[in-house]
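S.K.: Quick one: structure below, then a few questions.
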Amino acid sequence: MHGAIIRQNCAARGLDIANGQVSGVVTEKGLTRTSAVLCAAGAWASAFLRMHAVSLPQASVRQTALWIAG
Numbered sequence: 010m011h012g013a014i015i016r017q018n019c020a021a022r023g024l025d026i027a028n029g030q031v032s033g034v035v036t037e038k039g040l041t042r043t044s045a046v047l048c049a050a051g052a053w054a055s056a057f058l059r060m061h062a063v064s065l066p067q068a069s070v071r072q073t074a075l076w077i078a079g
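Laid out in structure tokens, this is it:
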């Protein structure tokens, strides 16, 4: 299946990681299984990703969404 699921009014609490790769997102409503995640946490992105040893340096916040090509 290709595409995306957008969950509104549902906070992400963390990532589920298996064998060094994302396998899901832990939300306030439970676990959502996935192999890819777009982090649109805005000013909170750095703090959210730091929980998973991912460094995202932010000097200042000028936007509420960020896309990083890998």
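In my numbering, the protein residues as written are 10 to 79. Glycine residues also receive a C-beta, built at the ideal position from the N, C-alpha and C atoms.
#1: Excluding the five sequence neighbours on either side, which residues of its own chain have a C-beta within less than 8 Å of the C-beta of T36, listed in chain order?
#2: Let's test the definition: count the other Cβ atoms within 10 Å of the Cβ of A54 and tell me whether it reaches 16, buried, or not, exposed.
#3: Along the chain, where does the alpha helix (DSSP H) containing R59 start, and where does it finish?
#4: Indicate whether R42 and G29 have their beta-carbon atoms separated by less than 8 Å.
#5: If we count the other Cβ atoms within 10 Å of its Cβ and call it buried at 16 or more, is L40 buried or exposed?
M.R.: Concretely, from the data shown:
#1: R16, C19, A20, A21 and R22
#2: buried
#3: A54 to R59
#4: no
#5: exposed
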